[in-house]
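All remarks here apply to the structure that follows.
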Amino acid sequence: MKKITGSKLKKFNKKNKPDREIILVLDNLEYARNVASIFNLAFALRVENIFLTGITTTPPFGKELQKVSKRREEHLFWKKEKNLSNLIEKFKSQNITTIALAKTEDSINFDLINSNQIAEKVAIIVGNEKQGLSNKLLSEVDIVTIVPVFRPLAHLNVVNELAVLAYKLV
Numbered sequence: 001m002k003k004i005t006g007s008k009l010k011k012f013n014k015k016n017k018p019d020r021e022i023i024l025v026l027d028n029l030e031y032a033r034n035v036a037s038i039f040n041l042a043f044a045l046r047v048e049n050i051f052l053t054g055i056t057t058t059p060p061f062g063k064e065l066q067k068v069s070k071r072r073e074e075h076l077f078w079k080k081e082k083n084l085s086n087l088i089e090k091f092k093s094q095n096i097t098t099i100a101l102a103k104t105e106d107s108i109n110f111d112l113i114n115s116n117q118i119a120e121k122v123a124i125i126v127g128n129e130k131q132g133l134s135n136k137l138l139s140e141v142d143i144v145t146i147v148p149v150f151r152p153l154a155h156l157n158v159v160n161e162l163a164v165l166a167y168k169l170v
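Set out below in structure tokens:
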């Protein structure tokens, strides 16, 4: 098996575009390194928009974080939003499916999300690394999902969970 690089890899990536548009919403993320990693992930997924709410770090990133983000924040549309509830309402009015990543009793396994339930555009909302999203916000979204782990006390970083879910949805 021969690896593809250079122009062949560019052609492959151009030919294999995502089926739906992904929008990311980062609410109250405390760790700037997570935010920078998500910008790098967003670039790979061809994310169109990133909305940052609450205390989430905003670009421009410093030198150390630019190593993590690979300076992708310079090539992506991002916007600071004050009110996440209003943003969710706006998404719904534009027929954008809203999906929150959260560990709740009512969360459905991400693998059980039916692609027929989802619009052409999807907003994935992730919350604070420790506190998650508020119950009020969770009640406003279309789907609350979880990426399960298979060992007691194990967990995935918010970036890892987002990557798993986003790749399933594109």
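The numbers in UniProt numbering rise by one with no breaks, and the one at position 112 of the sequence shown is 112.
Even glycine gets a Cβ: it sits at the ideal position worked out from N, Cα and C.
From a predicted model like this one, the values you see are computed outputs, not experimental measurements.
Coil, strand or helix - residue i by DSSP
| i | result |
| --- | --- |
| Asn13 | helix |
| Lys8 | helix |
Outcome for residue i when other beta-carbon atoms lying within 10 angstroms are tallied against a minimum of 16
| i | result |
| --- | --- |
| residue 211 | Residue coverage of the chain in this structure runs from 1 to 170, which leaves residue 211 outside it and unanswerable. |
| Gly132 | buried |
| Arg151 | exposed |
| residue 171 | The structure shown does not extend to residue 171, since the chain spans only 1 to 170, so no value can be given for it. |
| Val149 | exposed |
| Arg72 | buried |
| Ser7 | exposed |
| Glu140 | buried |
Check whether residue i and residue j have beta carbons under 8 angstroms apart
| i | j | result |
| --- | --- | --- |
| Asp142 | Thr97 | yes |
| Leu52 | Leu26 | yes |
| Ile99 | Thr145 | yes |
| Val170 | Phe110 | no |
| Glu48 | Glu81 | no |
| Arg46 | Val68 | no |
| Leu137 | Val147 | no |
Min CB distance residue i to chain B below 8 angstroms
| i | result |
| --- | --- |
| Leu138 | In the structure shown, chain B cannot be found, because there is only a single protein chain. |
Residue i Cβ short of 7 angstroms to the ligand MN heavy atom set
| i | result |
| --- | --- |
| Asp142 | The model on display carries no ligand, and the ligand MN is accordingly not part of it. |
Cβ separation of residue i and residue j, assumed to be a contact under 8 angstroms, to the nearest whole Å
| i | j | result |
| --- | --- | --- |
| Leu29 | Val35 | 5 angstroms |
| Ile23 | Val122 | 7 angstroms |
| Ile55 | Val159 | So it is not a contact: roughly 17 angstroms between Cβ atoms. |
| Gly127 | Ala102 | 7 angstroms |
| Ile124 | Leu162 | 7 angstroms |
> Can you list, in chain order, the stretches of the alpha helix (DSSP H) that have 4 or more residues and sit fully within the UniProt domain "tRNA/rRNA methyltransferase SpoU type" (22–167)?
Replying inline: Entirely contained in the UniProt domain "tRNA/rRNA methyltransferase SpoU type" (22–167), the alpha helix (DSSP H) runs reaching 4 residues are, in chain order, 32–44, 63–69, 84–93, 135–140.
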